[in-house]
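Some notes on the structure that comes next.
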Amino acid sequence: MHGWSGKILDIDLSSGSVETRPLDMEIARQFLGGRGLGARLLWDLVGPEVEPLSPENVLIFTTGPITASASQTSNRFNVSSKSPLTGTILHANSGGWWGMQFKRTGYDVLIVRGRAEKPVMIEIAPEGVKIADASHLWGKGVFETTELLGQNRNKRNVMCIGPAGENLVRIAAIMNDGERALARGGPGAVMGSKNLKAIVVEGKEKNQPADKDQFKFMQYETGKLLKASPLTSQALPEFGTAVVMNVVNEIGALPTRNFQQSQFEHADRISGEAITDEILVKNQACWACPITCTRISKTASGNEGEGPEFETAWAFGAQCGIDDLDLITEANFLCNDMGLDTIYMGNTIGCAMELAERGLLDSDLRFGQAEKLQDLVRDTAYRQGIGDELAEGSVRLAAKHGAPELSMTVKGLELPAYDPRGMQGQGLVYATSNRGACHETGNMLGPEVLALPRLIDRFATQGKAGIVSVHQNSAAVIDSLVYCKFANMAVAEEFFARTLTAVTGEPYTADDLMKVGERVWTLERLYNLREGFTKEDDTLPDRLLNDPVVAGPSAGFTVNLAPMLEEYYQFRGWDENGVPKEAKLKELGLDTLRSS
Amino acid sequence: MIDERLYEEFRYIGRDILITGLTSSHGGNMSVRVGDRIIIKRRGAQFGQLKPTDFVETGLYTKDSGIVRASTELIVHRAIYQKTSALAIVHAHPRTAIVLSLSRDEIIPIDNEGSYLLRKIPVVSVEMASGSTEMANKVSDALQGYKIIMQRGHGCFAIGQTLEEAYHWVSTLEEVSDIILEHKMLGEPLIEYRKHSEGYKNW
Numbered sequence: 000m001h002g003w004s005g006k007i008l009d010i011d012l013s014s015g016s017v018e019t020r021p022l023d024m025e026i027a028r029q030f031l032g033g034r035g036l037g038a039r040l041l042w043d044l045v046g047p048e049v050e051p052l053s054p055e056n057v058l059i060f061t062t063g064p065i066t067a068s069a070s071q072t073s074n075r076f077n078v079s080s081k082s083p084l085t086g087t088i089l090h091a092n093s094g095g096w097w098g099m100q101f102k103r104t105g106y107d108v109l110i111v112r113g114r115a116e117k118p119v120m121i122e123i124a125p126e127g128v129k130i131a132d133a134s135h136l137w138g139k140g141v142f143e144t145t146e147l148l149g150q151n152r153n154k155r156n157v158m159c160i161g162p163a164g165e166n167l168v169r170i171a172a173i174m175n176d177g178e179r180a181l182a183r184g185g186p187g188a189v190m191g192s193k194n195l196k197a198i199v200v201e202g203k204e205k206n207q208p209a210d211k212d213q214f215k216f217m218q219y220e221t222g223k224l225l226k227a228s229p230l231t232s233q234a235l236p237e238f239g240t241a242v243v244m245n246v247v248n249e250i251g252a253l254p255t256r257n258f259q260q261s262q263f264e265h266a267d268r269i270s271g272e273a274i275t276d277e278i279l280v281k282n283q284a285c286w287a288c289p290i291t292c293t294r295i296s297k298t299a300s301g302n303e304g305e306g307p308e309f310e311t312a313w314a315f316g317a318q319c320g321i322d323d324l325d326l327i328t329e330a331n332f333l334c335n336d337m338g339l340d341t342i343y344m345g346n347t348i349g350c351a352m353e354l355a356e357r358g359l360l361d362s363d364l365r366f367g368q369a370e371k372l373q374d375l376v377r378d379t380a381y382r383q384g385i386g387d388e389l390a391e392g393s394v395r396l397a398a399k400h401g402a403p404e405l406s407m408t409v410k411g412l413e414l415p416a417y418d419p420r421g422m423q424g425q426g427l428v429y430a431t432s433n434r435g436a437c438h439e440t441g442n443m444l445g446p447e448v449l450a451l452p453r454l455i456d457r458f459a460t461q462g463k464a465g466i467v468s469v470h471q472n473s474a475a476v477i478d479s480l481v482y483c484k485f486a487n488m489a490v491a492e493e494f495f496a497r498t499l500t501a502v503t504g505e506p507y508t509a510d511d512l513m514k515v516g517e518r519v520w521t522l523e524r525l526y527n528l529r530e531g532f533t534k535e536d537d538t539l540p541d542r543l544l545n546d547p548v549v550a551g552p553s554a555g556f557t558v559n560l561a562p563m564l565e566e567y568y569q570f571r572g573w574d575e576n577g578v579p580k581e582a583k584l585k586e587l588g589l590d591t592l593r594s595s
Numbered sequence: 000m001i002d003e004r005l006y007e008e009f010r011y012i013g014r015d016i017l018i019t020g021l022t023s024s025h026g027g028n029m030s031v032r033v034g035d036r037i038i039i040k041r042r043g044a045q046f047g048q049l050k051p052t053d054f055v056e057t058g059l060y061t062k063d064s065g066i067v068r069a070s071t072e073l074i075v076h077r078a079i080y081q082k083t084s085a086l087a088i089v090h091a092h093p094r095t096a097i098v099l100s101l102s103r104d105e106i107i108p109i110d111n112e113g114s115y116l117l118r119k120i121p122v123v124s125v126e127m128a129s130g131s132t133e134m135a136n137k138v139s140d141a142l143q144g145y146k147i148i149m150q151r152g153h154g155c156f157a158i159g160q161t162l163e164e165a166y167h168w169v170s171t172l173e174e175v176s177d178i179i180l181e182h183k184m185l186g187e188p189l190i191e192y193r194k195h196s197e198g199y200k201n202w
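Chains A and B are the protein sequences, given in the same order.
Residue numbers for the first sequence, in numbering that gives the first Met the number 0: 0 to 595.
Residue numbers for the second sequence, in numbering that gives the first Met the number 0: 0 to 202.
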């Protein structure tokens with residue numbers, strides 16, 4: 000294969016049917032793979048009438064044309080579905096080894112439909128595809144399941160859900176290779192609703208470049224950039240993603256105690272430096288990645304595993320007013336084993352803590368109670384006690400207790416680790432992200448904080464919509480190829496375009512890729528509009544719009560969203576209600592979809 | 000209407016373009032895209048003395064009265080924004096790069112920094128060298144594959160997400176060109192030190 004195998008594996012768990020279908024190559028060229036291809040297939044398969052946890056919802060696992068090519072960071076893959084948490088389009092991607100191995104099975108896409116009568120697993124191997132009984136695995140954690148199914152990094156890779164997915168926790172993750180997560184939006188709950196415990200892959204096929212000389216040249220040039228960038232060659236290997244904890248805190252953009260403050264007085268205790276000094280055993284890389292940002296950590300109790308990432312350290316740390324790195328890491332390990340999204344989990348616990356402190360939730364829960372984290376995680380996964388409320392997400396939790404404004408969410412998805420009052424562009428990213436509040440769909444950390452590619456004024460609003468849109472389009476195409484976003488902080492789209500050309504033999508320019516990104520973003524927008532979302536959903540929690548930061552370098556700022564949003568719609572060629580205009584749809588080749 | 004933060008960026012980039020000799024006192028232009036509008040330096044404004052009133056806001060897709068004061072090259076800026084993901088454009092007249100463009104169809108850096116940042120700068124040739132539709136089409140087409148290009152005998156167009164980024168490419172191009180020219184004047188053979196440098200010709 001040169002980029003695409005041209006095959007979709009389509010499995011219906013209700014009927015037990017297993018089919019191989021051809022991939023429409025015109026669609027593949029327009030959407031590439033990963034998130035883009037997933038969105039395009041989802042458009043046809045899951046309409047507004049489908050309940051997310053019903054058999055009619057689907058899970059679409061997609062690789063990209065560069066997956067398994069051995070281009071740097073070409074290990075990632077995507078899952079698309081309708082979110083049981085938010086009702087929006089769901090896309091989540093993950094690194095590790097599973098995506099590479101699935102590509103080697105000779106398929107670009109795996110579609111899972113229906114619902115099995117009893118717990119099952121899918122096994123895809125050179126000998127064929129099997130749906131097998133998994134009753135003996137139901138109830139087991141991710142770590143044990145992964146081991147029992149014979150995880151072997153370069154030969155046999157396991158993806159599964161934990162108890163959270165089985166119990167339909169709305170933000171349950173799907174875990175691959177033991178500790179990597181497809182997390183945001185609750186794909187684990189969709190997998191649980193299908194009685195699907197695991198998908199195991201073994202493959203032998205290769206994604207070989209059409210132009211080997213050009214591919215080698217691009218590998219060499221890309222490698223030079225990754226080595227030259229202090230971020231990818233020094234900061235991330237040395238301190239992991241949490242290297243930005245102190246940086247974000249210093250500028251007054253680290254959300255603290257459910258976004259009541261934007262600086263955490265003990266940020267240094269949960270920072271990348273602290274992780275390296277206190278708990279790091281070694282760093283580790285995903286397949287074909289020279290960056291090695293993964294942390295392998297060990298806690299005081301002797302538990303060892305992956306994490307914590309920046310978002311996790313923040314969610315269980317600053318967001319909950321907790322500075323105990325050891326217990327934060329234990330909570331991280333438990334989330335991995337239970338199959339839970341750590342951003343959601345920490346954010347929702349922070350919301351519960353504020354509800355309790357304000358006397359709105361009948362609980363002795365308080366900010367700073369690190370010793371309660373593990374019980375709260377476990378209770379959420381098993382829907383026990385207060386965990387049953389946490390399992391529903393902070394929107395439902397805060398509304399139930401009469402304070403919906405305390406849910407720090409956009410479109411029902413919990414905010415990540417940047418306070419947009421100190422990063423105006425990030426506010427626009429959150430407000431307009433198609434899967435709800437998300438930094439990964441156009442992170443402004445680069446331009447607003449890290450000077451990547453250039454430092455821009457983080458408090459400015461004029462002209463910000465264009466930069467946000469370009470970053471969103473770029474993220475969408477990176478997620479469709481599928482590359483790692485950290486690589487993109489050192490390597491520009493023109494390199495990815497030339498590598499894609501070398502792999503597929505088809506000519507792509509950087510602007511071709513950006514157009515794919517815009518197409519993907521706009522299709523996701525159309526999907527949400529079809530689901531009933533409107534301009535009113537492109538907003539932020541009241542606290543961020545109306546309560547100025549009280550102290551620190553961002554003091555006095557709220558998010559000045561309205562003018563940025565107006566400029567954003569204009570930039571994207573959408574009308575004043577945020578609906579893509581006909582001319583824009585035609586330009587992107589999406590006009591036939593809207594009328595269908 | 001340009002706001003204070005954006006004006007400051009125009010002002011200091013304009014000053015630096017002038018004092019580093021990348022254009023004459025009034026030559027060249029620059030713009031940024033804001034939503035579906037363009038903010039562009041007015042025709043004839045001095046690079047080193049920019050005031051808030053030296054900027055014109057006009058439509059990206061539609062014409063309005065702003066065009067009477069806008070730069071002659073507005074048509075080129077519009078085409079670039081419509082065909083690429085550029086958010087800012089700098090057009091300048093770097094002298095050594097112009098000299099090289101008179102005898103070359105591409106400028107390939109021989110220094111390390113230039114190779115790393117630009118790899119290759121194509122040279123496009125147009126009959127009507129200022130503000131023509133032909134020029135708008137050729138320049139914008141070329142910028143779909145490159146972040147900076149030369150127009151033969153005229154100057155360069157550079158794109159970026161910010162003015163600063165576009166300015167960086169212009170400044171780098173001129174450094175690249177100075178080094179090529181001085182090396183040629185030295186008359187000694189180049190000792191190739193860059194592995195796979197032949198790949199830059201096909202970039």
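Just so you know, even glycine gets a beta-carbon here, dropped at the ideal spot from N, CA and C.
- By the C-beta criterion, the region 165-175 of chain A is judged to be in contact with the region 333-344 of chain A, since at least 3 inter-stretch pairs fall below 8 Å.
- Out of A/I295, A/A131 and A/K583, the CA that lies nearest to the CA of A/G177 is found in A/I295.
- Annotated three-state conformation of B/G159 is strand, per DSSP.
- A/A459 has a beta carbon lying within less than 8 Å of a beta carbon in chain B.
- Under a criterion of Cβ atoms nearer than 7 Å, the residues of chain A adjacent to B/E164 are, in order, P452 and R453.
- When the five nearest sequence neighbours on each side are left out, the beta carbons in the same chain lying within less than 8 Å of the beta carbon of B/L21 are those of G27, A91, H92, P93, V169, S170 and E173, in order along the chain.
- Ranked by how close their Cα comes to the Cα of A/A188, the residues A/P83, A/R420, A/R155 and A/K514 have A/P83 in first place.
- With the rule of 3 Cβ pairs closer than 8 Å, the region 12-20 of chain A does not count as touching the region 488-505 of chain A.
- Annotation note: the region 252-333 of chain A contains the following uninterrupted alpha helix (DSSP H) runs of length 4 or greater, listed N- to C-terminal: 271-277 and 309-315.
- Contact of B/T83 with chain A is assigned, a C-beta pair being separated by under 8 Å.
- For A/C437, the secondary structure class from DSSP, reduced to helix, strand or coil, is coil.
- Collapsing the DSSP output to three states places A/K81 in a strand.
- Sorting B/V125, B/L73 and B/Q45 by C-alpha distance to the C-alpha of B/G58 places B/L73 at the top.
- In the DSSP assignment, A/W573 forms a beta bridge with A/P579.
- Contact between the region 520-538 of chain A and the region 85-94 of chain A is present: three or more C-beta pairs spanning the two stretches fall below 8 Å.
- Chain B places no beta carbon closer than 8 Å to that of A/P547, leaving this residue out of the contacts.
- Around B/L86, the beta-carbon contacts reaching into chain A at under 8 Å are G462, G465, I466 and V469.
- When the Cα atoms are used, A/L181 and A/A91 turn out to be separated by approximately 5 Å.
- In the three-state DSSP reduction, B/I147 falls in the strand class (E or B).
- Contact fails between the region 50-62 of chain A and the region 264-281 of chain A, because fewer than three Cβ pairs, one in each stretch, are under 8 Å apart.
- Note on geometry: alpha-carbon atoms of A/L360 and A/Q150 lie some 43 Å from one another.
- Taking C-beta separations shorter than 6 Å and ignoring five residues to either side along the sequence, the partners of A/T347 in its chain run L389 and S393, following chain order.
- Taking C-beta atoms as the reference points, B/L162 and B/T95 fail to come closer than 8 Å.
- When DSSP reads this structure, A/D11 sits in a beta bridge with A/S16 and A/R112.
- In this structure A/K580 is exposed. Its beta-carbon is surrounded by fewer than 16 other beta-carbon atoms within 10 angstroms.
- Given a length threshold of 3 residues, each whole run of the beta strand (DSSP E) inside the region 167-239 of chain A is given here in chain order: 173-175, 179-181 and 195-200.
- Interface with chain A (8 Å Cβ-Cβ cutoff): B/Q48 is excluded.
- The beta carbon of B/T132 does not come within 8 Å of any beta carbon belonging to chain A, so the residue lies off that interface.
- Annotation: the continuous alpha helix (DSSP H) that includes A/A486 extends over K484 to N487.
- Following the DSSP letters along the chain, one finds A/G465 inside the alpha helix (DSSP H) bounded by residues K463 to L480.
- At a C-beta separation below 8 Å, B/R4 has these neighbours in chain A: D456, F458, A459 and Q461.
- Residue A/A416 holds the alpha-carbon nearest to the alpha-carbon of A/A241 among A/L148, A/G184, A/A416 and A/Q383.
- Boundaries around A/P162 are those of the alpha helix (DSSP H), P162 to E165, since no beta strand (DSSP E) includes it.
- Among the bridge pairs identified by DSSP, A/M120 is matched with A/A131 and A/A197.
- Using a Cβ-Cβ cut-off of 8 Å, A/D537 does not count as an interface residue toward chain B, since no Cβ of chain B sits closer than that to its own.
- Within its own chain, no residue has a Cβ closer than 8 Å to the Cβ of B/K62 once the five positions on either side in sequence are excluded.
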